[in-house]
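Chemist: Under our numbering, think of the first position of the sequence shown as 2, with each following residue one higher. Take a look at the following structure, please.
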Amino acid sequence: MGISVGRLREDTIFDYKFVGLSHNTLRGAAGGGVLSAEYLTACGYITAK
Numbered sequence: 002m003g004i005s006v007g008r009l010r011e012d013t014i015f016d017y018k019f020v021g022l023s024h025n026t027l028r029g030a031a032g033g034g035v036l037s038a039e040y041l042t043a044c045g046y047i048t049a050k
């Protein structure tokens, strides 16, 4: 599964905006979304409020 996250920027309404692309032949769209969220959490971009 390939994932690419780009155009990461701060936002006044949301904390961050970004563009995420994933190849979902094997995992599916929901799995790609979960994997992207886990990656952003591991990198410290998503934290609990």
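Where a beta carbon is used, it is the ideal one built from N, C-alpha and C, also for glycine.
If the criterion is Cβ atoms closer than 9 Å, does the pair Ile47 and Leu22 meet it?
Modeler: No; because the gap between Cβ atoms is not below 9 Å, this pair is not in contact.
Chemist: Out of curiosity, what's the CA-to-CA distance linking Lys50 and Gly7?
Modeler: If I take the Cα positions, the gap works out to 24 Å.
Chemist: Measure the alpha-carbon distance for Gly33 versus Asp12 and round it to whole angstroms.
Modeler: Each residue's alpha carbon lies about 23 Å from the other.
Chemist: Using DSSP with H/G/I as helix, E/B as strand and the rest coil, what is Tyr17?
Modeler: If DSSP states are grouped into helix, strand and coil, Tyr17 belongs with the strands.
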